[in-house]
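6 protein chains.
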Amino acid sequence: DFLGALEEVHAAFGSSEEELASCVTNGIIRYSPQIDQMLLEGKLRVEQVKKSERTPLVSMLLHGRAGAGKTALAATIAMQSEFPFIKLISPETMVGMSEFQKVNAIARVFQDSYRSPLSVIVMDDLERLLDYTPIGARFSNSVMQAIAVLLKKQPPKGRRLLVLATTTRHNVLAEMDLLDSFSSEMYVENVRDLTAVNAVVKELELFQSDNDRRTAMATLAKSGIEEKMSIGVKRLLMTIEKARQDSDPIGRFVSDMNAEVNAF
Amino acid sequence: DFLGALEEVHAAFGSSEEELASCVTNGIIRYSPQIDQMLLEGKLRVEQVKKSERTPLVSMLLHGRAGAGKTALAATIAMQSEFPFIKLISPETMVGMSEFQKVNAIARVFQDSYRSPLSVIVMDDLERLLDYTPIGARFSNSVMQAIAVLLKKQPPKGRRLLVLATTTRHNVLAEMDLLDSFSSEMYVENVRDLTAVNAVVKELELFQSDNDRRTAMATLAKSGIEEKMSIGVKRLLMTIEKARQDSDPIGRFVSDMNAEVNAF
Amino acid sequence: DFLGALEEVHAAFGSSEEELASCVTNGIIRYSPQIDQMLLEGKLRVEQVKKSERTPLVSMLLHGRAGAGKTALAATIAMQSEFPFIKLISPETMVGMSEFQKVNAIARVFQDSYRSPLSVIVMDDLERLLDYTPIGARFSNSVMQAIAVLLKKQPPKGRRLLVLATTTRHNVLAEMDLLDSFSSEMYVENVRDLTAVNAVVKELELFQSDNDRRTAMATLAKSGIEEKMSIGVKRLLMTIEKARQDSDPIGRFVSDMNAEVNAF
Amino acid sequence: DFLGALEEVHAAFGSSEEELASCVTNGIIRYSPQIDQMLLEGKLRVEQVKKSERTPLVSMLLHGRAGAGKTALAATIAMQSEFPFIKLISPETMVGMSEFQKVNAIARVFQDSYRSPLSVIVMDDLERLLDYTPIGARFSNSVMQAIAVLLKKQPPKGRRLLVLATTTRHNVLAEMDLLDSFSSEMYVENVRDLTAVNAVVKELELFQSDNDRRTAMATLAKSGIEEKMSIGVKRLLMTIEKARQDSDPIGRFVSDMNAEVNAF
Amino acid sequence: DFLGALEEVHAAFGSSEEELASCVTNGIIRYSPQIDQMLLEGKLRVEQVKKSERTPLVSMLLHGRAGAGKTALAATIAMQSEFPFIKLISPETMVGMSEFQKVNAIARVFQDSYRSPLSVIVMDDLERLLDYTPIGARFSNSVMQAIAVLLKKQPPKGRRLLVLATTTRHNVLAEMDLLDSFSSEMYVENVRDLTAVNAVVKELELFQSDNDRRTAMATLAKSGIEEKMSIGVKRLLMTIEKARQDSDPIGRFVSDMNAEVNAF
Amino acid sequence: DFLGALEEVHAAFGSSEEELASCVTNGIIRYSPQIDQMLLEGKLRVEQVKKSERTPLVSMLLHGRAGAGKTALAATIAMQSEFPFIKLISPETMVGMSEFQKVNAIARVFQDSYRSPLSVIVMDDLERLLDYTPIGARFSNSVMQAIAVLLKKQPPKGRRLLVLATTTRHNVLAEMDLLDSFSSEMYVENVRDLTAVNAVVKELELFQSDNDRRTAMATLAKSGIEEKMSIGVKRLLMTIEKARQDSDPIGRFVSDMNAEVNAF
Ligand SMILES: Nc1ncnc2c1ncn2[C@@H]1O[C@H](COP(=O)(O)OP(=O)(O)OP(=O)(O)O)[C@@H](O)[C@H]1O
Ligand SMILES: Nc1ncnc2c1ncn2[C@@H]1O[C@H](COP(=O)(O)OP(=O)(O)OP(=O)(O)O)[C@@H](O)[C@H]1O
Ligand SMILES: Nc1ncnc2c1ncn2[C@@H]1O[C@H](COP(=O)(O)OP(=O)(O)OP(=O)(O)O)[C@@H](O)[C@H]1O
Ligand SMILES: Nc1ncnc2c1ncn2[C@@H]1O[C@H](COP(=O)(O)OP(=O)(O)OP(=O)(O)O)[C@@H](O)[C@H]1O
Ligand SMILES: Nc1ncnc2c1ncn2[C@@H]1O[C@H](COP(=O)(O)OP(=O)(O)OP(=O)(O)O)[C@@H](O)[C@H]1O
Ligand SMILES: Nc1ncnc2c1ncn2[C@@H]1O[C@H](COP(=O)(O)OP(=O)(O)OP(=O)(O)O)[C@@H](O)[C@H]1O
Ligand SMILES: [Mg+2]
Ligand SMILES: [Mg+2]
Ligand SMILES: [Mg+2]
Ligand SMILES: [Mg+2]
Ligand SMILES: [Mg+2]
Ligand SMILES: [Mg+2]
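Protein chains in written order, with my numbering: chain A, 1 to 264; chain B, 265 to 528; chain C, 529 to 792; chain D, 793 to 1056; chain E, 1057 to 1320; chain F, 1321 to 1584.
In structure tokens, the structure reads:
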């Protein structure tokens, strides 16, 4: 039975569900229709892995600007799959590891996944896993090679694997020839219009009243911010929480939003 | 007797036939006349190794774009040789190895081959074996030197060896002076016309009826896709399997094919 | 009770309050209105960490020219938070450490902070922690990666953390993509007008009489120094103390100030 | 007596005569007058080492394109010297060695040679001994330095040494300042005219009859191949053996020769 | 009592006075008024360290051309301070040390200095301590970082430290951002006029008589050497001693001076 | 007594006289007046070290083209000094040493020299000691730094040291700032006129009769070779010995000289 198998897999290899849940602490706010589209796309991939005879390995790269919501989305899709093996590979657990140890830790997760009939692996912040830095374009070649090889390695007969990876550095992965190793990609966009901002502000109840919110949004609209606006939902959240501490949340929110948008 | 010798060799060094078979899980679809030509060319090389007194060592490099079908073809030629010693050297088994260990693992396979009267070695994804990355053109020089030397090293008297290697990076091997070490090359082309696409779609029975298939192909033809089309058979397979999951396979297949072709 | 908790945390992990106090040996002189604004901004961040449900991790980068007063300000904000866990990460304690040891020392401080309900970490001279040198743009990539990851790592449930970092190399951190890891920034400006110089000189009682001071300031004003003046408060202090040793403090101070300002 | 001394030397240090013989498995075909000239030049050097009081150390670099016949010629000259100490230093025996081990292995051969009154050392494929790769112009500096020093080191009193080295990378050795360390050079040319091709084809009895051979050569002549022809004797041999397997050797040989010549 | 403290410090950490004395074997010849100015400037710094409450750490960089007399001057200032702790950090004692050992040796001297109430540290030939080479601008980053940090590290309460460093590579230290770490600089100029040359020659009694000296100086003056003259006092000394060996010291001195000056 | 001291020094540290003698196996032929000048210059340096009170350390760099005779000259000057401590530092004895071992071996020779009242050290082929290669301008920075420091390190009181170094790479040492460390330089020129060639040929008795020699020289003169001639005496010797083996020494010598001269 499925539940039994699930428990067995969990017992043997542990599960990252708690960690993944903590990647979505502020939930997934449906501030634009694209959010639903992305979740649906994720579900489709999950189905494909489950059912196609010919594609036991599917991988998807979620890319977008810093704070766009990539990790939260990948974690959500992974958790919704309800596959018995769900694991997060994150640079946070690899601080201080040598290249060799990283390669082994990553390879080990793939190895473990091959023992479960259905598995999802989330690889968060690919460029950090690779120790990538734009200065001199340095990175761990051995980690990169290992990932490139593991992303192409067919699971053994009867095993199926979905890999979800996130990155802010689509261009770098392209230069590395690493994109060829993914079967698909998904672009996670920044918040770009005030309708979305309004939705988030409303959901988080930043202001005392709907009137205040409307005043704030109207002021923002008048400032012409929408034209050049592009802000990650993560940074938007930070701006909202900062404004919340202020004695004048409206003024602070409006001025900070303008500062954020003009900083780039 | 031959069978006895074969079994002895197998017993002593193992065989990669299962691994090689798993490289051709979706078979070799004869979607164009070039497929047959390539298989024939492979057979000719096998014969040459078997019979010429003066060329106990022949090597062939299969090169082409990502997903063009290089590995499946090399594996097929190797298996059809029916030589007693058939081995796959693949980066998949070398994840986490040091340069030194890789050199030794590769040298060991060549050493072992010298004990069998007739041997085939398949070296898959040469650029990955070399840990090549385009950023800074880094790679393992010691693995490269070892391969260059092993590709020129005559087997001992009475032993014959065919080496089949695959790569997506013909240009890089050229820059490395590694091409001089091969006795011949074979270019594996992408799928470039709708006749070939149609053959693959038909073989894999993507659509419910021949009518549906013809509709899909006609729509593709009208979209002018053929002009710029160049898609690896591997990616074509992935697109087909994705479309199969959709409630509207025709629409999905047509739109995905267009997306694939326009992505480059 | 709070005091009990505070003592417990101190007992377990030690505290850097003495070291931080020694970063402000010459006090914070309020020579311009910006000094108060900066201290207030610091207090606001402290409040945000204490109170917001959604932002348990806030980080701020103090940047400015060499000697602008960055370290003294960060230390002052940290000490004023009165959080139970207050730690200084400084290159001074890491002379002679290997990259690996540095990464571990830094990670350890973050780890320790996760055990206190409220924590402040001051990371002084980020570019030195990274062993950055402009010649060849060399730096410790592993320390950089560790910091980038730790700056994004959410503390465990119920724990909150404020990180204050200082640097003279905002541009380098930008090139490293490290700015994305901070939630906010604060620019610490050099002393740029004679009113501020006068305030500092007065506070430090360089001259025997107010008359002497006014003479000195008038001479400086006449020399047209204000136009191009930009001097860190630290260097200003050094100039004052040097002048104090001279038999003619007025003459020495005026000429040295001119020399300092013209050196750049 | 000479034979006794020879045996003693062999017993103490071994001899590479078998390996050297295997470098000339297809013999030295005298397809052009230059072949004799080169063999004579070699003999002259042998005499010089044997007889001059003032030049106990002579070294010669054989350079030319890949497959030009360099190794076969050097091996032949070495074997014809009939010196008691004859050793081959080849990259084939050094696969997987560290730089340090290579330096020692090479130095050891020179050391051993100093114990024989007359010695020849053949250093094959210098650029491979150096692990040279054109990408980034990487190579083993320590092996290079060792060779540079050993090529200038006078043997002890009463000992004489001839060093024969081969390379395809004359230009690289020049850039390395390594040419200064050789006392002389010899250029081994590719096959460049049909008379030479005809001589080789005849010697190897590719065709059933002289008539067939003449037909083939006439067709080649008509195709205007001679103008741009430049093919190593090694590759010519490979082309001949390939054609031999074909049901139509004439057609295959003509078309393959054209392909070979046009590939560059 | 002071003498007791001094002896204690000497006993505990040793003293470099002998080594420093040997840096001034040929004395300090007062060949120009700048020599006195530089010695006075040094004395002023010594006083500042002794007396100011606010600047317990002062550092000065002596820079100039090769042989200008930097080391002799730094040693003289250090010895004249009569501080109980006087130490020389010189590359001569670090030949063959690893980077790690160097960092430790340097850090150890600073550590030791913190135990004396008043200390001077002379760091000779900074660019050699850093293993700097202009080819490829290589240097020991870890030694550089250690020095940068130690030059900014406040001594513990009640301890005072003067650091005197010498270098020929002011520009390189500037590129390294190392100048920011010094509180002051002093430029040591080459000998640039014949009056100074005359003073040195007189002091060293190169010639038999004053007449000879005047003849020599007149000849030099006539040769127009003064216009382009720039020679380190160290090289001037070498030229004088060379001339002293000659049967014709006047002729030799004049011609060698011209050669020296024209060499650049 | 001197002889006793000499023997003691020899006993304690060994002597390189035999090795140095073997650097001059073909003697010093006085083929031009410059040869005598160079030997005299060497003698002068020896006297200076012996007698000056102020320059206990003198160093001289002999530089010139490959084979110009640098090593033979340095060895001759060293042997003629008759100092009790005479040592050769040569790359030949350092094949296979690590950088660390080289630094130690070199430092050890200097250390040993400090125990003898009078010492000469010959450092042969500086660029090889440094493992210098023009490709990428690689070299051992630690050996370079060690040499730079040792060349400036004063011997202890009462000890005197002359260092003679040879190199073909004056320009590289300049780029390394290594020339500043030498007190003097000497340029060893190639053979550039037929008078010198004639002198060498005569001395070595290449031809049967004076008539033959004159014929050869006349032919060379007519060929206009003198205009562009520049050949090291070492290569000239090799050409002579080669010609000696030929049945027609005159013809061979003339043609080889032309070949040598035209090769550059
Ligand atoms: N529609 C949404 N999509 C994604 N995240 C959302 C959404 N709505 C709210 N969030 C919240 O926004 C935050 C997104 O942060 P997340 O870490 O996923 O961004 P990121 O793109 O991975 O950032 P980084 O580039 O720094 O890794 C999370 O706290 C998440 O709960
Ligand atoms: N005619 C064909 N030639 C090659 N492969 C075919 C053919 N028909 C079907 N296939 C299937 O297509 C797939 C080709 O994938 P394969 O791994 O060989 O491509 P590849 O060029 O090696 O890819 P990569 O560049 O990623 O290594 C295999 O699953 C194979 O079974
Ligand atoms: N308003 C002020 N702000 C900051 N520092 C002040 C102020 N008034 C006085 N000071 C004193 O000035 C000095 C500032 O030095 P500090 O080390 O903070 O500068 P910094 O910018 O960190 O220098 P560096 O770039 O070298 O690290 C301290 O001694 C501090 O006590
Ligand atoms: N005249 C000849 N000169 C040289 N080799 C000849 C000649 N005639 C026939 N051969 C044969 O041709 C082959 C030459 O191959 P060889 O390995 O010597 O070439 P190479 O230049 O060393 O090649 P590579 O550049 O790959 O090292 C040998 O098998 C040799 O027996
Ligand atoms: N006025 C002077 N100033 C400095 N040195 C002098 C002076 N007069 C004489 N000397 C002598 O000149 C020599 C100066 O050499 P010193 O080693 O100090 O030069 P330097 O600039 O440190 O050289 P380098 O760049 O090689 O380190 C010493 O021997 C010193 O005794
Ligand atoms: N006048 C001379 N000067 C130098 N060498 C001479 C002279 N006359 C004859 N010789 C001989 O010429 C040879 C010179 O070779 P030497 O090794 O000294 O040259 P080199 O410049 O050191 O060469 P390399 O650049 O290869 O190190 C020696 O054998 C020496 O005996
Ligand atoms: Mg993320
Ligand atoms: Mg493949
Ligand atoms: Mg600071
Ligand atoms: Mg060869
Ligand atoms: Mg000095
Ligand atoms: Mg020499």
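Using N, Cα and C, we set each Cβ at its ideal position, and we do this for glycine too.
Following a CB-centred definition, is residue i positioned closer than 8 Å to any heavy atom of ligand 2?
i	result
A:Ala-192	In the sequence under discussion, the amino acid at residue 192 of chain A is Arg, which differs from the Ala named in the question. No, ligand 2 has no heavy atom inside 8 Å of this Cβ.
Compute the minimum distance between the beta carbon of residue i and the heavy atoms of ligand 1, and state whether it is under 8 Å.
i	result
C:Leu-585	no
C:Asp-708	yes
Would you say residue i lies against chain E (beta-carbon separation less than 9 Å)?
i	result
C:Met-588	no
F:Leu-1556	no
Kindly list, in the order they appear in chain E, the residues whose Cβ is closer than 7 Å to that of residue i.
i	result
C:Asn-786	Within 7 Å Cβ-Cβ: nothing; C:Asn-786 doesn't reach chain E, min ~15 Å.
Closer than 9 Å, CB to CB, is residue i near chain D or not?
i	result
F:Glu-1412	yes
Check whether the Cβ of residue i lies closer than 8 Å to any heavy atom of ligand 6, and answer yes or no.
i	result
F:Ile-1349	yes
D:Val-955	no
Please tell me whether, using a cut-off of 8 Å, the distance from the CB of residue i to the nearest non-hydrogen atom of ligand 3 is below it.
i	result
C:Gly-595	yes
C:Ile-563	yes
A:Val-109	no
Show which residues of chain F have a CB atom less than 8 Å away from the CB atom of residue i.
i	result
D:Lys-945	Glu-1412
Please confirm whether residue i has its beta-carbon closer than 9 Å to some beta-carbon of chain A.
i	result
B:Asn-290	yes
Answer with yes or no whether the minimum CB distance from residue i to chain F is below 9 Å.
i	result
E:Ser-1286	no
D:Ser-844	yes
D:Val-895	yes
E:Glu-1245	no
Compute every distance between the C-beta of residue i and the non-hydrogen atoms of ligand 5, then say whether any falls below 8 Å.
i	result
E:Gly-1098	no
E:Asn-1082	yes
A:Thr-168	no
For a contact meaning CB atoms closer than 8 Å, what does residue i contact in chain C?
i	result
E:Ala-1202	Val-623 and Gly-624
E:Phe-1238	Those within 8 Å of E:Phe-1238 in chain C number zero; the least Cβ separation is about 11 Å.
Would you please verify whether the beta carbon of residue i is less than 9 Å from any beta carbon of chain C?
i	result
A:Gln-208	no
What residues from chain F crowd round residue i, counting only those whose CB sits closer than 7 Å?
i	result
D:Leu-1012	Ordered by position in chain F, no residue passes the 7 Å Cβ test against D:Leu-1012, which lies about 36 Å from the chain.
Closer than 6 Å to ligand 12: residues, by C-beta to nearest heavy atom, in chain order:
F:Lys-1390, F:Thr-1391, F:Asp-1444, F:Asp-1445 and F:Thr-1486
If we require 3 or more residues per run, which beta strand (DSSP E) segments fall completely within the segment 1229–1274 of chain E?
1240–1243
Minimum length 4: unbroken alpha helix (DSSP H) runs contained in the segment 588–639 of chain C:
598–609
If we require 3 or more residues per run, which beta strand (DSSP E) segments fall completely within the segment 233–260 of chain A?
none
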